[in-house]
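Each remark here refers to the structure printed beneath this line.
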Amino acid sequence: MMDRSYKELLKMRRFPHTWCPGCGIGSVLKNVAMVMKELDWNHQNTVAVSGIGCSGRMSGYMNLDAIHTPHGRALTAAETIKRVRPDLNVFVLSGDGDLGSIGGNHLLHTFRRNPNITVFCNDNEIYGLTGGQAGPTTPQGTKTITSPGGDPYRPLRLGRILTQQPPYFYARTTVYHLNHFKTCIREALQWNGFSFVDIISDCIELNGRRLGFKTVHQMFKWFDERFHIVEGVRDHLQEDELGIAKREAEEVPRPKEEAKVKAAPEVPTEKLEAFTLDELKAFDGSGGKPIYIAYKGKVYDLSTSPLFQGEKRMRCHIAGKDLTKDLDIAPHGEDLIFNFPLVGKIEG
Amino acid sequence: MKLLISGNDAIFEGAVRAGASYFAGYPISPTSEILQRAALQSEEDPKFQFLQAEDEIAAAIATISASLAGAKAFTATSGPGFSLMQEALGWGHVVEAPCVFVNSMRVGPSTGMPTQPAQSDLFQIKAGSAGDYYPIAFYPHSVEECFRLTVTAFNAAEESLSPVILLADAFLSHLYELVDLGKIKTEIVSRTKEPLGTGQRLFTGTAHDKMGNVKTSDPLIYREWLWEVKDRHSRVAEKYPLFEYLPRKDSNVLLIAFGITSRIISALKERFSIFRPIRIYPVLEKELREVTQSYPRIFVIEGNDEQYATWVEWAIGRKVMKVPCLGGGFKLNWIQSQIEEQLKKESR
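If you're matching them up, the sequences are chains Z and G in order.
Using the working numbering, the first residue of the first sequence is number -13, and each one after it goes up by one.
Using the working numbering, the first residue of the second sequence is number 31, and each one after it goes up by one.
Have a look at this one:
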């Protein structure tokens, strides 16, 4: 007999649930609960977070401490909870509209910060709860109630965005390819870092019927035609491939801090022309004269500096003056000065 | 030891004294210094968590999520950022997450005049988010008071189980004063809410019953919940009826001012009576009525166009005279001339 112990993880007293008959969300909920049971994740060590929409209601059916956030904010909430309570397992149950559109900014930045959380995205390519409007992942040309002439825009390719720089874990699967689906959930939950499972799911009532499907089975067959499973671990997935793309963090070699600092040019001081500070004042670039400045008792010709641009003043540096003290607060080192010709020394 | 510190420093120190262990924020003047202090603190103290979020929406959501996860959390921003945080503020009230939002006001609307001081976000604390909610807000007028009231705000948050707002202004944030923080005695209210991972609760922004079950079509359950929240918030607010009253027997004119404006007009205390509300919201209805009774003429001097004056008129049931200090101009001479002019006009 089938093991039904996963039901401990679901609030069975709240069933029947709120979703339409034939919806793919039930399958997502059940399979996530089954894998959690396998891994022994329970209400003492796990928190579920969800956003808004049909799929946002999933957390309310998990028999855990669950957080139901405002639209799009599930990832931020999940990341924060993991950070404050690293002992807890945190996962997100949400949809493509919530994660990809209103939460798009959070998706980019949570991915960048790479917290150890898992995201299950019920990707039905439509806004379901609000009545079937075009979503960020709706294929181009699809007719919806907000795109009666066919959606004019190209869909968001979550698979490309979330595999652009390692470390990443991105899996694409469907609610129809059940074994593959469970494998993806298992691997994602065990991945150390930010993992994202893009679950292609069906919305028969608000999307499927408008596309001409009469039953869920027809939609599943359509999934089977559109996608095929690829074996092994990939770096990236094509748009028609189901599988796992993952890469560990690359060890970025830190640029070695070589001593590139130029030393002061070694010229015997006797040979240099001597200036007093008063004489130096005349060389301020006015009337075609060169721009001289003094640094540590030596005089440099800064006329070719693009920063002075023939002006007397470059930000806080004034031509014809001793700038030794200025360098302490400057955002650059003294090597900038040594790039210029040495023309004299200071006397007196 | 007495230290020369700014209002921002005092707010941060106050939060640490109150036991805060999480800060999320986004750079904005005039509260960027609090963000910087938090970054330093997280380097020094591994228990202190800090997030520079991708925007204020994420910062506010992270603050509330951290509170749900068990940390005393706070965030700091200015008017434009506070506008983005309104969504999370509403969510925080429904999921009952104790935390503190610091809003150091500058001239608005929108980007306004960065960074000129203003006091124009009073309506935003009460009416910025959707629906009915009952925020508590305090407004200090000195660096020492910034410290004390931050602790008070954290305590009120724990008692009311909701986000509490600490107002300041650009002036106060960057005001430096000598304060001996070590000598200031404070009482700390500790967390009573059970942390995550101990139950099967649902924290949802959707209307729900006491068990956390989503109930979106039962007016009775909603009303019961809302009255309970309102009652709790007014009980906590009554615990902190903070104000300062400087009566002057020979004057029949009362000046009402708060925050930095009250500091500026304190030079007029030899001529007029002065009332300074510290708890800005809920409005000090009873106290205002009692104090204003004996004054035929009342002035409300504030850095916005009649926001607090509207509340005073509502509370005492008669008209008051207004001196709006707009666009960051808080000149004592100007305020004084406005008062004289309006008094002269009236006596004619």
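Ideal placement from N, C-alpha and C gives every residue a C-beta, glycine not left out.
Predicted model only: the values in this text are computed from it and were never measured.
Does DSSP put residue i in a helix, a strand or coil?
| i | result |
| --- | --- |
| Y270 of chain G | coil |
| I131 of chain Z | coil |
| W330 of chain G | Note that residue 330 of chain G is Val in the sequence shown here, rather than Trp. V330 of chain G falls in the strand class under three-state DSSP. |
| I277 of chain Z | strand |
| Q224 of chain Z | coil |
| G218 of chain Z | strand |
| N108 of chain Z | strand |
| I286 of chain G | strand |
| R348 of chain G | coil |
| T32 of chain Z | strand |
| A127 of chain G | coil |
| G145 of chain Z | helix |
| T173 of chain Z | What sits at residue 173 of chain Z in the sequence shown is Glu, not Thr. Of the three classes helix, strand and coil, the one that applies to E173 of chain Z here is helix, per DSSP. |
| A316 of chain Z | coil |
| Q79 of chain G | strand |
| V18 of chain Z | helix |
| K102 of chain G | coil |
| H92 of chain Z | helix |
| K232 of chain Z | strand |
| Y56 of chain G | coil |
| R158 of chain Z | strand |
| T291 of chain G | helix |
| F77 of chain Z | strand |
Would you decide whether residue i is buried or exposed? Buried here means 16 or more other CB atoms lie within 10 Å of its CB.
| i | result |
| --- | --- |
| A157 of chain G | exposed |
| N178 of chain Z | exposed |
| E175 of chain G | buried |
| D73 of chain Z | exposed |
| P239 of chain Z | exposed |
| M205 of chain Z | buried |
| W341 of chain G | buried |
| K215 of chain G | exposed |
| M48 of chain Z | buried |
| A260 of chain Z | exposed |
| M115 of chain G | buried |
| A287 of chain G | buried |
| P147 of chain G | buried |
| K284 of chain Z | buried |
| W121 of chain G | buried |
| T55 of chain Z | buried |
| Q154 of chain G | buried |
What residue does the alpha helix (DSSP H) around residue i start on, and which one ends it?
| i | result |
| --- | --- |
| L115 of chain Z | Run containing L115 of chain Z: none; DSSP gives neither H nor E here. |
| L61 of chain Z | 60 to 70 |
| A69 of chain G | 62 to 74 |
| N38 of chain G | 37 to 47 |
Can you tell me where the beta strand (DSSP E) holding residue i begins and where it ends?
| i | result |
| --- | --- |
| N49 of chain Z | Segment: none, N49 of chain Z is in no beta strand (DSSP E) and carries neither H nor E. |
| D287 of chain Z | 284 to 287 |
| Q401 of chain G | Given a span of 31 to 378 for chain G in the structure shown, any question on residue 401 of chain G remains unanswerable. |
| L373 of chain G | Counting along the chain, L373 of chain G falls outside any beta strand (DSSP E), though it belongs to the alpha helix (DSSP H) covering 362 to 377. |
| L322 of chain Z | Not the beta strand (DSSP E): L322 of chain Z falls in the alpha helix (DSSP H), residues 321 to 324. |
| V183 of chain Z | 181 to 186 |
So, are the CB atoms of residue i and residue j less than 8 Å apart?
| i | j | result |
| --- | --- | --- |
| R172 of chain Z | V21 of chain Z | yes |
| D151 of chain G | G109 of chain G | yes |
| L307 of chain G | L298 of chain G | Checking the sequence shown, residue 307 of chain G turns out to be Pro, not Leu. Cβ distance not < 8 Å, so P307 of chain G and L298 of chain G don't count as in contact. |
| Y270 of chain G | T180 of chain G | no |
| G212 of chain G | V125 of chain G | no |
| S36 of chain G | L197 of chain G | no |
| R221 of chain G | K32 of chain G | no |
| R71 of chain Z | A88 of chain G | no |
| R43 of chain Z | G89 of chain Z | no |
| T123 of chain Z | D137 of chain Z | no |
| G83 of chain Z | L142 of chain Z | no |
| R293 of chain G | H171 of chain G | yes |
| I310 of chain G | Y169 of chain G | yes |
| G145 of chain Z | C107 of chain Z | no |
| T93 of chain G | T61 of chain G | no |
| L228 of chain Z | H318 of chain Z | no |
| V353 of chain G | Y325 of chain G | no |
| L288 of chain Z | I304 of chain Z | no |
| N31 of chain Z | N75 of chain Z | yes |
Flag residue i as yes if its beta-carbon sits less than 8 Å from any beta-carbon of chain A, otherwise no.
| i | result |
| --- | --- |
| T234 of chain G | Among the protein chains in the structure shown, which are Z and G, there is no chain A. |
For the stretch 133 to 208 of chain G, which segments carrying the alpha helix (DSSP H) assignment without a break, of at least 4 residues, lie completely within its bounds, in sequence order?
List check, alpha helix (DSSP H) in window: 152 to 157, 173 to 190, 200 to 203.
Whole beta strand (DSSP E) elements within the stretch 302 to 327 of chain G, 3-residue minimum
Those beta strand (DSSP E) runs which fall completely within the stretch 302 to 327 of chain G and span 3+ residues are 303 to 307, 309 to 311.
Of all the beta strand (DSSP E) runs that stay within the bounds of the stretch 229 to 260 of chain G, which reach a length of 3 or more residues?
Runs of the beta strand (DSSP E) inside the stretch 229 to 260 of chain G: 232 to 234.
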